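Below you'll find the structure, written out as structure tokens, and then a few comments.
Numbering (the working numbering), first residue to last: 1 to 332.
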């Protein structure tokens, strides 16, 4: 039975990379129908809503969303649409795999790690209080419920995919109650997976270790803020956010997105790299049980990256978005 999914085109380069990805999905034989909506800053300026009511209704019905980057104002304006969607649909598990490829020469080879980021609480609850004109308090929230489910998911993923180690990233040496709770829950759950190595690292040490010896890491699980920062760092190990896919999973809903920005400075120039969104779409296909199609696309992308002759400028090539897309299609 053909699956209907919801698609948000987003801002900046969002429409361009979405069109490229949908074209590749169709050419690869993905058994999908699409309900496509414009969302984000431009929609907000035009109609006063970040997400049209009919777009919410589509996601409510289809329960699977492929989302392009959306501009979030810094220090003012509306709240991050990503945060809004994660909270509304309880998309508690943000999974971001970082794996080396041959297209971008970096300081490290054979990086293959995955960040499991708790996605609904921590400082991202956005609770702030103006104490006086010179003082603002922000509230960090860590709960047993949210911590247990993301940590369990990390171990279950490791078990299902024959990964060997799970590392808990924290700041429990300073935040003894909040991060201390997360760390204690981690080791309680680890007891149920004796075949998987469990260790922990303080977040600042983790960042140092990642740029010295990233191969020591396998699966990493952490609260929301650290997950956001560390996963951006891991993208740098493999060539940047343009190569980092992401899934946001909950009990009933799933959202797949590129985690890079909307890049308004290059919008319309036909040089945007759709790989992160395409690999996120592959994660979506696997979530939907269309593993063969996902594998076909991954292999085609790998061939194009390995050949290195048709790459977008961020990958040190000169190809347009459309040429890169066509090169992948030719390999299918």
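Beta carbons are placed, not taken as given, at the ideal position from N, Cα and C, and that holds for glycine. Please read these numbers as outputs of a predicted model, since none were measured by experiment.
query: Does the beta-carbon of residue 16 have 16 or more other beta-carbons within 10 angstroms, so that it is buried, or is it exposed?
result: Residue 16 should be labelled buried.
task: Mark residue 18 as exposed unless 16 or more other C-beta atoms lie within 10 angstroms of its C-beta, in which case mark it buried.
output: By the 16-neighbour rule on beta-carbons within 10 angstroms, residue 18 is buried.
- prompt: Just checking my contact of residue 271 with residue 320 at CB under 8 Å: how many whole Å lie between their CB atoms?
  reply: Separation of the CB atoms of residue 271 and residue 320 is rounded to 6 Å, and the pair is thereby assigned contact status at 8 Å.
Extent of the continuous beta strand (DSSP E) run through residue 130: If you look at residue 130, you'll find it in the beta strand (DSSP E) that goes 128–132.
- prompt: Do residue 152 and residue 95 come within 8 Å of each other at the CB atom, strictly closer than that value?
  reply: Result no, Cβ atoms of residue 95 and residue 152 do not sit closer than 8 Å.
message: Out of 9, 23, 27 and 178, which one is the CA nearest neighbour of residue 43?
response: The residue with the shortest Cα to Cα distance from residue 43 is 9.
- prompt: How many angstroms separate the CA atom of residue 74 from the CA atom of residue 83?
  reply: With a pLDDT of only 47 at residue 74, under 50, the local geometry of the prediction cannot be trusted, and no value is derived from it.
query: How many angstroms separate the CA atom of residue 198 from the CA atom of residue 24?
result: Each residue's alpha carbon lies about 39 Å from the other.
message: Here's the rule I'm using: 16 or more other beta-carbon atoms within 10 Å means buried, otherwise exposed. How should residue 76 be labelled?
response: Note on residue 76: pLDDT 47, under 50, position unreliable in the model; no value is reported.
message: Excluding the 5 residues flanking residue 163 on each side, which residues of the same chain have their C-beta closer than 6 Å to its C-beta?
response: Short of 6 Å from the beta carbon of residue 163, and not among the five residues preceding or following it, lie these beta carbons of its own chain, in chain order: 218 and 219.
- request: Determine, using beta carbons only, whether residue 39 and residue 32 come nearer to each other than 8 Å.
  value: For residue 39 and residue 32, no; Cβs fall outside 8 Å.
Nearest to residue 278 (by Cα), restricted to the options 212, 7 and 167: The shortest C-alpha separation from residue 278 is found at 7.
Under 8 Å between C-beta atoms of residue 182 and residue 170: Yes; because the gap between Cβ atoms is below 8 Å, this pair is in contact.
- request: Could you check what DSSP says for residue 162 in three-state terms: helix, strand or coil?
  value: DSSP, read as helix, strand or coil, puts residue 162 in coil.
query: Can you give the Cα-Cα distance for residue 1 and residue 187, rounded to whole angstroms?
result: So the two alpha carbons sit approximately 42 Å from each other.
- prompt: Can the beta-carbon of residue 119 be found closer than 8 Å to that of residue 86?
  reply: Yes, the Cβ-Cβ distance between residue 119 and residue 86 is below 8 Å.
- request: Could you say if the stretch 88–106 and the stretch 226–236 meet the contact criterion of at least three C-beta pairs nearer than 8 Å?
  value: In short, these stretches touch, since the Cβ pair count reaches three.
field: Opening and closing residue of the beta strand (DSSP E) in which residue 221 lies
entry: Where residue 221 is concerned, the enclosing beta strand (DSSP E) stretches over 219–222.
- request: Ignore the nearest five residues each way along the sequence and tell me which others in residue 256's own chain have a CB closer than 6 Å to its CB.
  value: Leaving aside the five residues that flank residue 256 on each side, the residues in its chain whose CB is nearer than 6 Å to its CB run, in chain order, 66, 247, 280, 283 and 284.
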